[in-house]
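Visitor: Pasting a structure here, questions to come.
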Amino acid sequence: GAWVDRTSETLGLIALDIGTSSHLSKKLKPRERVFLMGPMGTPTHIPHHQKVLLIGGGLGNAVLFSLAQAMHAEHCQIIIVAGYKSKDHVFYAEKIEKFSHQVIWTYEEGDPIPTHRPQDLSIKGRVTDIWDQDLKFDFDWTQADHLMTVGSESMMRALQEKFASRKTLAQYC
């Protein structure tokens with residue numbers, strides 16, 4: 001699940017093309033009924049009036065805008081670090097920008113990801129590479145009240161190692 005629009009009664013889903021279920025989802029037609037099971041876990045904690053650092057990689061970025069939207073509604077100050085292979089892989093950029101105070105786009109190859117606001121940055125490299133650079137963040141990221149990461153296992157492991165010395169942030173990775 002990526003987002004919910006209660007007004008239009010729409011649930012946005014992202015399906016990775018892996019396995020039988022995702023192959024079947026390609027055959028769905030508009031307005032065809034789909035039955036979903038869940039939720040299966042604990043709801044995501046949405047902080048109130050806090051400084052939040054959201055970090056996503058690849059398809060994990062698909063849920064960042066909905067998390068940012070919910071946190072924005074709770075008056076959080078939000079920095080998003082969104083990593084992509086290239087600018088051609090970016091989706092929902094306008095929504096990510098709309099619900100954040102700053103976006104730091106990272107790309108691994110090709111041309112920079114375009115920025116539309118003066119506070120946003122586009123950096124070549126992976127999300128884990130930006131901590132070694134002298135970047136201007138909207139707030140001191142080391143003082144973030146809340147950190148949330150969404151991405152591959154290798155990205156999560158790399159971030160956990162990167163933040164290991166910052167115990168308040170490492171506990172969230």
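Residue numbers for the sequence shown follow the numbering used here, so the first one is 1 and each next one is one higher. Cβ coordinates follow ideal geometry from the N, Cα and C atoms, glycine included. Quick caveat, the model's predicted, so the values are computed rather than measured.
1. How should Gln171 be labelled, buried or exposed, when 16 other C-beta atoms within 10 angstroms of its C-beta is the threshold for buried?
2. DSSP beta-bridge partners for Thr106?
3. Look at the Cβ atom of Pro30, then the Cβ atom of Cys76, and state whether they are nearer than 8 Å.
4. Determine the contact status of Ala93 and Leu64, defining contact as a CB-CB distance below 8 Å.
5. Distance, Cα to Cα, Val150 vs Ile104?
6. Quick one, which of Gly41, Ser22, Leu28 and Asn61 has its alpha-carbon nearest Tyr107's?
7. Quick check on the burial criterion: 16 or more other C-beta atoms within 10 angstroms. Buried or exposed for Lys26?
8. Go ahead and pull the three-state DSSP assignment for Gln77.
9. Just checking my contact of Phe163 with Lys51 at CB under 8 Å: how many whole Å lie between their CB atoms?
Guide: In short:
1. Walking along the sequence shown from the start, residue 171 turns up at place 171. Low confidence applies to Gln171: its pLDDT is 47, below 50, so where it sits in the model is not reliable, and the reading given next is rough at best. By the 10 Å Cβ count, Gln171 comes out exposed.
2. By 1-based counting over the sequence shown, the position of residue 106 is 106. Beta-bridge pairing links Thr106 to Gly83 and Ile123.
3. Numbered from its first residue, the sequence shown carries residue 30 at position 30. Numbered from its first residue, the sequence shown carries residue 76 at position 76. No, the pair does not count as a contact, with Cβ atoms beyond the cut-off.
4. For the purposes of this step, residue 93 is identified with residue 93 of the sequence shown, where counting begins at 1. For the purposes of this step, residue 64 is identified with residue 64 of the sequence shown, where counting begins at 1. No, the Cβ-Cβ distance between Ala93 and Leu64 is not below 8 Å.
5. Within the sequence shown, the letter at position 150 stands for residue 150. Within the sequence shown, the letter at position 104 stands for residue 104. Cα to Cα, Val150 sits roughly 15 Å from Ile104.
6. Against the sequence shown, residue 107 aligns to sequence position 107. That would be Asn61, whose Cα lies nearest to the Cα of Tyr107.
7. Walking along the sequence shown from the start, residue 26 turns up at place 26. Lys26 comes out exposed.
8. One-based indexing of the sequence shown puts residue 77 at position 77. Reduced to three states, the DSSP call for Gln77 is strand.
9. Locating residue 163 in the sequence shown gives position 163, where the first residue counts as 1. Locating residue 51 in the sequence shown gives position 51, where the first residue counts as 1. Actually they do not touch by this definition, with Cβ atoms about 15 Å apart.
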